[in-house]
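Data block below; observations after.
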Amino acid sequence: AQTGTGKTAAFAIPLLQMLYEDRDAADGPKPISTLILTPTRELAIQIGESFTAYGKHTGIRHTVIYGGVSQKSQTDALRRGVNILIATPGRLLDLMNQGHVKLNGLKQFVLDEADRMLDMGFIHDVKKIISKLPQRRQSLFFSATMPPEISRLADSILVNPEKVAVTPVSSTVDIIEQGLYFVDKKNKERLLIHLLEDASIITALVFTRTKHGADRVTKNLVRAGIKAEAIHGNKSQGARQSALGNFKAKRTRVLVATDIAARGIDVEQLSHVINFEIPNIPETYVHRIGRTGRAGLGGTALSFCDGDEKVFVADIQKLLSKKIPVCEGHPYPMTETGPAARQEPVRNGSAGRTGPSVARKPFERKQAGRPQYKKRY
């Protein structure tokens, strides 16, 4: 199932129901009966928050373990006993090796965001963890996309599984208004600042390909008077949580993120997603724009494409089985031409929120001393 379709609730609510019906009233430490494995800290925390909300009056205990922070509070929680353990692969293996996590009583195993586990290079760790689980268990496998390696992994850990496929890619993105801007690489930051002059962009999640790029874009947005923060793997967990909290509370208008850091970000009524750089994996585009349009609500996704990225756009459009409307009339058009740039254009103003009006005065800013972009492939 695609992003924003309720996968967390799909496993959290039934698991809580099963555990509640099978609960043991006896005092003392609780054995771990359910393990939920997820790729990122943010997603682990978010899943933990969902269990807190859904299981508020059940008395069922859960805890979240992830790297990047001290393990003491996590091991203390494990020592007291939990029914449900939500974990990232690296920290889970560390604590298993130290003897803090014992899974011999496990009854349910959930592998969430399996495709992102593959993208992030965690599949080896996942297989190692699975090899240590009891053979007799229920396994639940969730993925937004199903590349061949993930299909093979599913076949290796599932026995006669029931397959549920919800909303193909095309139907998920249909509710999201998309726009494509062809722009030279050197002008992407100018275009971003120009678009953010439009007050209809209430909040924006901006995607860059690299951590350095996220920091640079954030710095220049702040310099232009726009409230922005960056979130990526080099930030401390405290800094990441603070930035995400400010963004959710709308104290920050723009959050600039890498794909890994943004996985699991769930912000209510996020108005815009902006692909500052086009992802080279088509499915990543779907993950990115799925941050808006959550739970069937509308949203807008804008993408900046330079000359080197046209091939990525072609791959994305093949996956979507549709063309992404091109936004023309902006003040920084691409100076070079190519096949991808000759799609049927959508004029600004004729497609709702795909871009500011043509009549708007272009944002002008002195560019002296601004760092130049480098290829990042």
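For the record, in the sequence shown the residue sitting at position 125 is 136 according to the numbering used here, with numbers rising by one throughout. Backbone N, C-alpha and C fix where the C-beta goes; we use that ideal spot for every residue, glycine too.
Buried versus exposed, by CB contacts within 10 Å (16 or more), residue i
| i | result |
| --- | --- |
| Pro336 | buried |
| Gly132 | exposed |
| Ala10 | Lying before the first or after the last residue shown, residue 10 is absent from the chain, which here runs from 12 to 388. |
| Gln28 | exposed |
| Pro50 | buried |
| Glu188 | buried |
| Thr9 | Not covered by the structure: residue 9. The range shown for the chain is 12 to 388. |
| Gly236 | exposed |
| Arg353 | With a pLDDT of only 43 at Arg353, under the threshold of 50, the placement of this residue in the model should not be trusted; the figure read from the coordinates follows. Result: exposed. |
| Asp126 | buried |
| Thr19 | buried |
| Leu191 | buried |
Host alpha helix (DSSP H) of residue i (start-end)
| i | result |
| --- | --- |
| Val265 | Not the alpha helix (DSSP H): Val265 falls in the beta strand (DSSP E), residues 265 to 268. |
| Leu89 | 83 to 91 |
| Leu30 | 18 to 32 |
| Gly310 | Taken as a continuous stretch (DSSP letters only), Gly310 belongs to no alpha helix (DSSP H), being part of the beta strand (DSSP E) at 310 to 316. |
| Ile204 | 199 to 206 |
| Ala215 | Unbroken run through Ala215 is the beta strand (DSSP E), 215 to 218; no alpha helix (DSSP H). |
| Ile71 | Per DSSP, Ile71 belongs to no alpha helix (DSSP H) and is neither H nor E. |
| Val337 | Not the alpha helix (DSSP H): Val337 falls in the beta strand (DSSP E), residues 337 to 339. |
| Thr229 | 222 to 234 |
C-alpha gap between residue i and residue j, whole angstroms
| i | j | result |
| --- | --- | --- |
| Leu104 | Glu173 | 29 Å |
| Thr221 | Arg234 | 20 Å |
| Val217 | Arg34 | 44 Å |
| Glu124 | Thr86 | 25 Å |
| Phe153 | His298 | 14 Å |
| Asp277 | Gly310 | 13 Å |
| Gln82 | Leu330 | 41 Å |
| His135 | Leu207 | 42 Å |
| His205 | Tyr343 | 10 Å |
| Glu339 | Thr229 | 25 Å |
| Gly17 | Thr346 | 43 Å |
| Val322 | Asn198 | 19 Å |
| His223 | Asp195 | 19 Å |
| Ile300 | Ala312 | 6 Å |
N- and C-terminal bounds of the beta strand (DSSP E) containing residue i
| i | result |
| --- | --- |
| Ala239 | 239 to 242 |
| Glu188 | 187 to 193 |
| Ser247 | Where Ser247 is concerned, there is no enclosing beta strand (DSSP E), given that its DSSP letter is neither H nor E. |
| Thr45 | 45 to 48 |
| Glu160 | Looking at the DSSP string, Glu160 is not in any beta strand (DSSP E); the run it does join, the alpha helix (DSSP H), is 159 to 168. |
| Ala98 | 95 to 98 |
Of the listed residues the options, nearest to residue i (C-alpha basis)
| i | options | result |
| --- | --- | --- |
| Thr214 | Arg148, Lys238, Glu32 | Lys238 |
| Glu32 | Asn231, Ile71, Val184 | Ile71 |
| Ile97 | Lys41, Ser84, Phe120, Leu191 | Phe120 |
| Thr74 | Ala64, Gly92, Lys67, Tyr65 | Gly92 |
| Gly249 | Tyr65, Pro25, Leu106, Tyr77 | Tyr77 |
Completely contained alpha helix (DSSP H) runs for the stretch 277 to 307, where each covers 4 or more residues = 293 to 300
Return the chain-ordered ranges of every alpha helix (DSSP H) run that is complete within the stretch 114 to 156 and spans a minimum of 4 residues.
-> 125 to 130, 134 to 142
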